[in-house]
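A quick write-up on the structure given underneath.
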Ligand SMILES: [Zn+2]
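In the numbering used here, the protein residues as written are 1 to 445.
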């Protein structure tokens with residue numbers, strides 16, 4: 001099977017030709033979170049999109065290494081730790097725990113390698129040294145800067161001309177810069193700021209250098225796929241390209257670049273003041289993570305996605321329909337639908353893959369095996385309908401107790417009490433269904 005990818009670097013859809021699929025397998029690097037706060041639904045999009053990509057690569061090539069970093073040194077982290085009066089390590093450790101829980105609730109498998117920036121300072125120092133040696137970086141006043149005019153190809157990847165580069169990076173004219181477009185590889189730390197010893201003084205890395213250092217460590221200097229959100233193309237990915245191509249002579253860095261589109265919320269740009277800023281954590285109180293995942297996959301990854309709570313409700317109902325087909329179907333092994341695989345191989349066309357799922361009908365084994373490629377429909381159907389009260393409904397044990405009380409009330413011909421129990425549960429989103437033989441089953445709405 002051939003995979004086709006829209007490559008941001010060439011701005012066209014290309015046949016994917018991995019470097020060493022039979023040996024090392026396919027390598028994919030995706031920029032991960034800066035861990036100072038809970039992730040929002042916009043952050044969830046690349047998690048879900050590249051999780052599906054990793055599933056596809058594994059299916060087609062058998063072997064893939066998915067690397068997603070954690071940025072745990074950043075000024076936003078320093079500021080938040082000071083605000084909250086906790087140490088940087090306490091803040092980043094607890095945020096990572098929350099991040100992993102949210103990613104799991106969204107049905108994402110953990111990446112194969114999840115390197116933390118602060119564990120890779122020596123690798124960053126190494127590439128900075130090489131950049132200086134190669135004439136592409138210089139040290140000034142405790143800073144090390146990438147010398148943008150030293151590399152004529154700078155700007156080709158992002159398609160930005162020089163004026164846009166300077167404006168887009170919101171770079172300040174600083175006395176230690178030779179050119180306003182030059183960007184920081186290393187900067188001095190003082191006081192409470194985190195820092196490490198370096199040949200240029202005590203300091204900390206700039207943001208971009210960590211991805212150049214960690215991607216080459218785990219995937220090699222030239223690797224297959226680099227992913228991230230559209231907002232990262234400039235300056236972050238442009239600067240990664242510059243650092244890696246100039247620091248690792250002869251390297252092409254990433255051969256294919258995939259970028260997911262922007263996310264809007266309730267029809268507008270997400271912002272706290274508009275009340276449409278949703279953390280994944282708060283959405284999970286209202287909806288199953290699988291419904292959020294389905295909403296994300298209904299839009300092709302390169303298109304803008306308009307997220308809304310109404311769409312989550314619709315997705316929940318759609319999943320109910322699928323799980324009804326799976327209910328009582330038992331476990332049978334099956335291969336995913338070739339038509340669904342072909343849709344995913346065509347630049348990860350998840351909307352087309354979802355329409356294939358709908359066409360499968362009541363072949364439960366084929367449905368489950370095909371949906372696995374999308375990370376959907378992997379729960380037990382009974383667990384899906386009965387849930388675990390995470391959405392704020394009554395606990396399963398309490399529901400069972402009320403059903404027993406209702407059966408006793410009916411036996412005693414106290415139908416008023418029996419109806420009261422049924423209506424009370426309905427008001428809390430629990431539906432009772434009386435089956436032949438006096439058995440009552442229940443499910444959440
Ligand atoms: Zn990055």
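Just so you know, even glycine gets a beta-carbon here, dropped at the ideal spot from N, CA and C. Keep in mind the model is a prediction, meaning the values are calculated, not measured.
Inter-residue spacing [alpha-carbon to alpha-carbon] between residue i and residue j
i	j	result
residue 276	residue 310	13 Å
residue 442	residue 256	49 Å
residue 495	residue 156	Residue 495 is absent from the model: the chain starts at 1 and stops at 445.
residue 36	residue 326	40 Å
residue 56	residue 63	10 Å
residue 109	residue 188	37 Å
residue 139	residue 200	7 Å
residue 335	residue 80	48 Å
residue 440	residue 230	51 Å
residue 59	residue 24	15 Å
residue 427	residue 296	29 Å
residue 1	residue 424	53 Å
residue 104	residue 129	38 Å
residue 316	residue 237	36 Å
residue 206	residue 33	15 Å
residue 360	residue 328	17 Å
residue 100	residue 114	11 Å
residue 43	residue 397	35 Å
residue 512	residue 387	It is not possible to answer for residue 512, since the shown part of the chain is limited to 1 through 445.
residue 77	residue 124	19 Å
residue 111	residue 369	21 Å
residue 263	residue 227	16 Å
residue 174	residue 185	14 Å
residue 435	residue 406	14 Å
residue 178	residue 142	14 Å
residue 330	residue 127	54 Å
residue 15	residue 343	14 Å
residue 353	residue 190	52 Å
Residue i vs residue j beta-carbon contact at 7 Å
i	j	result
residue 61	residue 21	yes
residue 432	residue 422	yes
residue 68	residue 97	no
residue 429	residue 393	yes
residue 373	residue 225	no
residue 166	residue 180	yes
residue 341	residue 356	no
residue 418	residue 409	yes
residue 116	residue 72	yes
residue 242	residue 154	yes
residue 265	residue 307	yes
residue 285	residue 319	no
residue 222	residue 252	yes
residue 45	residue 260	yes
Given residue i as reference, the closest of the options once Cα atoms are compared
i	options	result
residue 85	386, 192 and 142	192
residue 313	292, 10 and 329	292
residue 118	197, 23, 366 and 270	197
residue 376	106, 95 and 23	106
residue 367	346, 333, 214 and 52	333
residue 321	362, 132 and 386	362
residue 164	263, 316, 315 and 234	234
residue 384	253, 287 and 238	287
residue 254	262, 400, 382 and 213	213
residue 8	232, 267 and 365	232
residue 10	258, 100, 369 and 182	258
residue 220	19, 178 and 13	19
residue 365	354, 337 and 127	337
residue 74	204, 26, 358 and 379	204
residue 70	215, 283 and 412	215
residue 38	54, 94 and 50	94
residue 52	351, 399, 267 and 195	351
residue 82	178, 400, 194 and 16	194
residue 358	323, 381, 331 and 380	323
residue 102	354, 41 and 298	41
Per DSSP, cross-strand counterpart(s) of residue i
i	result
residue 260	229
residue 7	12
residue 441	433
residue 456	In this structure the chain extends from 1 to 445, so residue 456 is not present and cannot be described.
residue 287	Residue 287 is not bridged to any residue.
residue 87	Paired residue(s): none; residue 87 is not in a bridge.
residue 187	204
residue 196	203
residue 268	265
residue 64	26
residue 279	40
task = Would you check if the segment 242-256 and the segment 279-286 touch, i.e. whether three or more CB-CB distances between them fall below 8 Å?
result = No: fewer than three Cβ pairs fall under 8 Å.
message: Does the segment 87-98 come into contact with the segment 136-149, if we say contact requires no fewer than three beta-carbon pairs (one atom in each stretch) closer than 8 Å?
response: Flag = no, the segment 87-98 and the segment 136-149 do not touch.
inquiry  = Quick check: the segment 290-309 against the segment 341-351, are at least 3 beta-carbon pairs closer than 8 Å?
reply    = Touching, yes.
**OP:** Specify whether the segment 158-165 and the segment 263-277 touch according to this definition: at least 3 beta carbon pairs, one from each stretch, less than 8 Å apart.
**Re:** Fewer than three beta-carbon pairs drawn from the segment 158-165 and the segment 263-277 are found closer than 8 Å, and the two stretches are therefore not classed as touching.
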